[in-house]
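Heads up: the sequence shown runs through residues 139 to 1058, numbered per the numbering used here.
Virtual Cβ for every residue (Gly too), placed ideally from N, Cα, C.
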Amino acid sequence: MSFVEKHADAFASEMLSLLKRADGETVDSTVTTTTTTAPITKHADHGTAAVATTAVTEITTAVTVVAEAAVHDGDAVPTQQKPPKSAPAPRSGAAAVADTVAHTDATAAKAEAKQPHPLNHYRLQQSATLPPSLQRSRTAPVVPAATVDAEGRTAFPSAAAEMLSAELPESMLKGTRMLLFKPSKEDLSERMFRVDVNQLRVIWQTRSGSKEKHINVESITEYRVGEYLPAEVLKHPKLDEVAKLRAFSIVYMEHSRCESLYLVPLDTEDQVDWLTGLRVLVMRYCHQDKENETTVREREHVWLRRQWTLGDRDQDGLMSLDEFVQICQRMNVSLSRKELKQHFKAAAGSKEAQIGFDKFIHLVESLNVREEVLDIFCAYSGARQQTVGGDQSALVSMPAASFTNFLTKVQKMTLPKEEMEALVTKYADQDNGAAVSFQSFLQFLNGDDNSVMLPVNRSVWQDMRQPLSHYFINSSHNTYLIGNQLTGKSSVDAYTYALDQGFRCLELDCWDGPDGEPVIYHGYTLTSKILFSDSIASIKKRAFERSPYPVILSLEVHCGLRQQERMAAILREELGDMLVSEFLDSSEMRLPSPHDMMYRFLVKTKGLGRGGDMVPALQRSSTIAVAGSDVAADTDSDGEESQGKEKKVQKFCKALASLAVYCQTKHFVDYEHSEANDAYYEMSSFSEASGAALAKKVPAAAVRHNSKRLSRIYPAGKRVTSTNYNPTVHWGVGAQLVALNAQTYDRYVQLNRAMFQQNGGCGYVLKPRHLRIPGHLLGSVPRHSGALRIKIISGQHLPRSNNNERGDVIDPYCVVKLVTPAGSQKKLTKHVTDNGFNPVWNAEFSFDVSDADLTFLRIAVKDKNKATKDVFIASFCAILSNLESGYRHLPLRDRKGNPLLRSTLFVHISLSGTYAHGAR
């Protein structure tokens, strides 16, 4: 029995009691758990805000009690290093249930698997089923009716939908009236919200009630409550203290931007229900870059249900031929109406003019016969039997021995004997002599067991005890911006989004603000402003949820002395012991490691040198001069461009400069000057152009420099629309902090995402050996040390251009590109006319590879258009050192970076040569 099952009943009871107190209800004076008794002081006035605050405090205490009980019960909590005393406290309010249950689920699973892993914030571990106490009002759960009458008027729900219905509170399924709060418009209106388990959507009514809006569950990144809500909500005058206690937000991605839905339940139990249900949904289906436990069939059902909903225009539970033809056009099926009519009649029956959802599923499956997969299946099963009318179940089975041979020889799997036997058993039909059917074979090819990404990179596996200069560090530019560089919105949420995406270096552009409070915005532009204090508080709360490794705060200081003092005070007060404010060891001669800096913050700005004095001035007109406790410095703390404004000499506060320890910025003269100075704690920033010029002119010197010191690269000031530059040029000489405009999902952000998908997505990737060892020249690596052979076989369910439902069926082709620091190689498939549903290319290409650790494969699917420019459809991007060999399905994303639920490319990958996975 897991810890959650043993203790969650008592914990949930305590939490409900405490929250009811905030609503003014009478509760018992004590709450007893199975391991301890937690006394709770009664309050005379249950209706005051003080009671709500006390309830939150007591809930936090309850979280601690239950967490401690895990240790007493023998559940080991995996830690690599304890956070400092000022580490973020547990969330307040009803989110305690979500956080504690999620944490203890993960703890129990990790203890059982004996594989400590710090990065399981959103991952479902063993089961999404919650204990009975968290399933309020579920004696008769709402399950979609499995009643299909003779006319097929309703569809069978999927097994996944039935299971999910049993796991979600009834109020989420039937609907809950809540207040929809829009802080920017100060709008507060009551709406009905519910979860559709078949379509996997959160749905709510518009103000008029005539239409519905929705959020796809897989686009949800998290939910927030209590102090984790943004300041604009917690400080809003329209919400009283009790409303703020109940309020929560659903954070989701829409068009590559982070959006939030702010909700205020009308009573506390509805809040508990929704936070409990959201925990199930997020842990089970969300956080797209991580594993999930959903089956291929489950994902297909969701996709088909959404197609059905769009096609069933009159919502009568039936689909006519006309509606079916329109769905096929939306799905890019290239068959004529006559051909579709024949398929429709065969599925409906000779006397039927309409079909239900179950027949619709079989009909779509019959249109999608995977002949290219049949060929592979039959080649390795040793025989072939012709299918009848597209019935793939008529095929002979693949013997277990043949399936094992396929896994080892073709897919290059090297599992221990016991794990290989378990994998074969998982897909074998024990009633058919332990053979694998075609459907099971197809499920394997589509599923997580056959992911194209190396399993080792799902967790932190690299050596994390080397100097910081030996790692590529995930870095963002103007992190606070959502949109362009001139008029975009500045948002505290942008920092949360960046941390959730794995970024470990965040930029804060600081200026004097009103009332003595520094603000963050892009200077000399029309971008909006946010408080420095709110930003630091938000960063602190979320900094170490996805990764325990250090966060670098890159400060661009434009404030006067008084507000610089205020900045220093905020950093010290808010971050406390988590802030690195002095050298760890006075005798050290190199940067500390990510492991040394776990759960710590590093400040990057002008510093005081090693002995407490300001970094020496350079012999130029805009010099640094000490004046009492203050010094003068360049306006831009690391030399970054200021939208064409002239640089000014400004005074720099010693209190703030003293917080820069291992990231003290200094103007770059040349590599000889830096090497002679040999101050490993100093670093410089380079524009994309100057960094590229140095990489081309003196690559060996750049490598030596970057093996000891940190370097930051930033975009040119002319990139006002937040476009990006090629980061591989700078990674090629070992630059660690290559900062990109993460709000723009272009091909270069795709390369960055591919780089940092490695090593558990922790934000730190160990550089290749030749970039870490001083004096190890680039030329020592063989020019052609390997080869990539890739066959683009087919595509599945490609969307229309810009998801235009009324456009023509696409003529897709693939652009296959290999990107390296030295340049790129590009090859194209032929286009397939009028088929985005299941196009087949069977195009094979070969590329030379010099270094798999710095070579990226990017495949873009485009629509051939004779009249206008070819249109981008979707793409896939990965670093070669993270790719598996064999037959794989590549998941595709749209132009905004959103995953396309069922769209894939089926390929065969062959990697050969002198390099090997894990060469670092």
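Subject >> residue 690: first and last residue of the uninterrupted beta strand (DSSP E) it sits in >> reply: Here residue 690 corresponds to residue number 552 of the sequence shown, with the count starting at 1. Its beta strand (DSSP E) spans residues 689-695.
**OP:** Leaving aside the five residues before and after residue 1001 along the sequence, list all residues of the same chain whose C-beta is less than 7 Å from its C-beta, in chain order.
**Re:** Numbered from its first residue, the sequence shown carries residue 1001 at position 863. 939, 948, 949, 950, 1008, 1009 and 1011.
Original post:
Exposed or buried, which one is residue 826 when buried takes at least 16 other CB atoms within 10 Å?
Top reply: Locating residue 826 in the sequence shown gives position 688, where the first residue counts as 1. Result: buried.
**OP:** Decide if the segment 885-892 is in contact with the segment 1012-1025; the criterion is three or more beta carbon pairs, one per stretch, under 8 Å apart.
**Re:** yes
Subject >> Rounded straight-line distance, which links the Cα of residue 747 to that of residue 812 >> reply: Indexing the sequence shown from 1 puts residue 812 at position 674. Indexing the sequence shown from 1 puts residue 747 at position 609. Roughly 14 Å separates the two Cα atoms.
**OP:** Could you pull the start and end residues of the beta strand (DSSP E) that residue 793 belongs to?
**Re:** As a working note, residue 793 is residue 655 in the sequence shown. Residue 793 -> not in any beta strand (DSSP E); alpha helix (DSSP H) instead, spanning 792-795.
Original post:
How would you write the range of the alpha helix (DSSP H) that residue 558 sits in, first residue to last?
Top reply: For this step, residue 558 is matched to residue 420 along the sequence shown. Start and end: 555-565.
**OP:** Starting from residue 1026, follow the beta strand (DSSP E) in both directions and report where the run begins and ends.
**Re:** For the purposes of this step, residue 1026 is taken as the residue at position 888 of the sequence shown. It spans 1024-1031 - the beta strand (DSSP E) in which residue 1026 sits, taken as one unbroken run.
Subject >> Cβ separation of residue 413 and residue 608, assumed to be a contact under 8 Å, to the nearest whole Å >> reply: Walking along the sequence shown from the start, residue 413 turns up at place 275. Walking along the sequence shown from the start, residue 608 turns up at place 470. That belief does not hold up - the Cβ atoms of residue 413 and residue 608 are roughly 41 Å apart, past 8 Å.
Subject >> Residue burial classification, residue 212 (beta-carbon count within 10 angstroms, cutoff 16) >> reply: Position 74 of the sequence shown holds residue 212. Here residue 212 scores only 37 on pLDDT, less than 50, and its place in the model should not be relied on; the value that follows carries that caveat. The residue in question, residue 212, is exposed, as its Cβ has fewer than 16 Cβ neighbours within 10 Å.
Subject >> Cβ neighbours of residue 382 in the same chain (closer than 7 Å, five flanking residues each side left out) >> reply: Here residue 382 refers to the residue found at position 244 when the sequence shown is read from its first residue. If we look at residue 382 and ignore the five residues flanking it on each side, its Cβ neighbours are 372.
Original post:
Can the beta-carbon of residue 865 be found closer than 8 Å to that of residue 932?
Top reply: By one-based count along the sequence shown, residue 865 stands at place 727. By one-based count along the sequence shown, residue 932 stands at place 794. Contact flag unset, no.
Subject >> Simplified DSSP assignment, three categories, for residue 516 >> reply: The residue you call residue 516 lines up with position 378 of the sequence shown. DSSP places residue 516 in helix when its eight states are reduced to three.
Original post:
Roughly how many whole angstroms lie between the Cα atoms of residue 542 and residue 556?
Top reply: Taking the sequence shown and counting its residues from 1, the one referred to as residue 542 is at position 404. Taking the sequence shown and counting its residues from 1, the one referred to as residue 556 is at position 418. If I take the Cα positions, the gap works out to 12 Å.
Original post:
Which value, in whole angstroms, describes the spacing of the CA atoms of residue 1026 and residue 362?
Top reply: Numbered from its first residue, the sequence shown carries residue 1026 at position 888. Numbered from its first residue, the sequence shown carries residue 362 at position 224. Approximately 36 Å, taken between the alpha carbons.
Subject >> 6 Å Cβ shell around residue 317 - same chain, five flanking residues per side excluded >> reply: Against the sequence shown, residue 317 aligns to sequence position 179. Excluding sequence neighbours, residue 317 sits near 326, 328 and 402.
**OP:** Can you say whether residue 375 is buried or exposed, counting buried as having 16 or more other CB atoms within 10 angstroms of its CB?
**Re:** Residue 375 sits at position 237 when you count from the first residue of the sequence shown. Classification for residue 375: exposed.
Original post:
Going by C-alpha distance, which of 404, 446 and 587 is nearest residue 1024?
Top reply: Reading the sequence shown from its first residue, position 886 is the one you call residue 1024. Nearest C-alpha to residue 1024: 587.
**OP:** Between the Cα of residue 971 and those of 871, 1040 and 471, spot the shortest distance and give me the residue it belongs to.
**Re:** Here residue 971 is taken as the residue at index 833 of the sequence shown, counted from 1. For residue 971, the nearest C-alpha among the options comes from 471.
**OP:** May I ask you to verify whether the segment 694-701 touches the segment 646-654, counting CB pairs closer than 8 Å and requiring at least 3?
**Re:** yes
Original post:
residue 980 lies in the beta strand (DSSP E); which residues open and close that run?
Top reply: Position 842 of the sequence shown, counted from the start, is the residue given in the question as residue 980. Residue 980 -> beta strand (DSSP E) spans 978-987.
Original post:
Taking Cβ to Cβ, would you say residue 841 is nearer than 8 Å to residue 876?
Top reply: Looking up residue 841 in the sequence shown gives position 703. Looking up residue 876 in the sequence shown gives position 738. The answer is no: Cβ separation not under 8 Å.
Original post:
Are the beta-carbon atoms belonging to residue 924 and residue 1050 less than 8 Å from one another?
Top reply: Here residue 924 corresponds to residue number 786 of the sequence shown, with the count starting at 1. Here residue 1050 corresponds to residue number 912 of the sequence shown, with the count starting at 1. Their beta carbons are under 8 Å apart, which means residue 924 touches residue 1050 by this criterion.
**OP:** Give a yes or no on contact between the segment 632-644 and the segment 670-684, applying the rule of three or more CB pairs nearer than 8 Å.
**Re:** yes
Original post:
Hey, how far is the Cα of residue 600 from the Cα of residue 712?
Top reply: Residue numbering aside, residue 600 sits at position 462 when the sequence shown is read from its first letter. Residue numbering aside, residue 712 sits at position 574 when the sequence shown is read from its first letter. Computed Cα separation, rounded: 31 Å.
**OP:** With a threshold of 16 other CB atoms inside 10 Å of the CB of residue 958, please say whether the residue is buried or exposed.
**Re:** Counting from one through the sequence shown, the residue named residue 958 turns up at place 820. Counting Cβ neighbours within 10 Å, residue 958 comes out buried, since at least 16 surround it.
Original post:
Are the beta-carbon atoms of residue 311 and residue 335 separated by less than 8 Å?
Top reply: Working through the sequence shown from its first residue, we reach residue 311 at position 173. Working through the sequence shown from its first residue, we reach residue 335 at position 197. Yes; because the gap between Cβ atoms is below 8 Å, this pair is in contact.
**OP:** Check whether the Cβ atoms of residue 706 and residue 793 sit closer than 8 Å, and answer yes or no.
**Re:** In the sequence shown, residue 706 corresponds to position 568, counting from 1. In the sequence shown, residue 793 corresponds to position 655, counting from 1. Contact: yes.
Subject >> Element boundaries [beta strand (DSSP E), containing residue 821] >> reply: Reading the sequence shown from its first residue, position 683 is the one you call residue 821. It spans 820-825 - the beta strand (DSSP E) in which residue 821 sits, taken as one unbroken run.
Original post:
Per DSSP, residue 466 is paired with what?
Top reply: Within the sequence shown, numbered from 1, the residue matching residue 466 stands at position 328. Partner(s): none; residue 466 has no beta bridge.
**OP:** Measure the C-alpha to C-alpha separation of residue 503 and residue 709 and round it to an integer number of angstroms.
**Re:** Along the sequence shown, one-based indexing puts residue 503 at 365. Along the sequence shown, one-based indexing puts residue 709 at 571. Approximately 58 Å between the Cα atoms of the pair.
Original post:
Residues in its own chain within less than 6 Å of residue 1043 by CB, not counting five upstream and five downstream?
Top reply: Taking the first residue of the sequence shown as 1, we reach residue 1043 at position 905. These residues qualify, in order along the chain: 933 and 1028.
Subject >> Any alpha helix (DSSP H) of 4 or more consecutive residues that is wholly inside the segment 832-869 >> reply: 837-846 and 866-869
**OP:** Have a look at residue 838 and residue 717 and give me their C-alpha separation to the nearest angstrom.
**Re:** Stepping through the sequence shown from its first residue, residue 838 is reached at position 700. Stepping through the sequence shown from its first residue, residue 717 is reached at position 579. Taking the straight line from one Cα to the other gives about 34 Å.
Original post:
The beta strand (DSSP E) with residue 361 in it runs from where to where?
Top reply: Here residue 361 refers to the residue found at position 223 when the sequence shown is read from its first residue. Its beta strand (DSSP E) spans residues 358-363.
Original post:
When you compare each of 442, 508, 538 and 513 to residue 495 by their alpha carbons, which one comes out closest?
Top reply: Here residue 495 refers to the residue found at position 357 when the sequence shown is read from its first residue. Nearest C-alpha to residue 495: 442.
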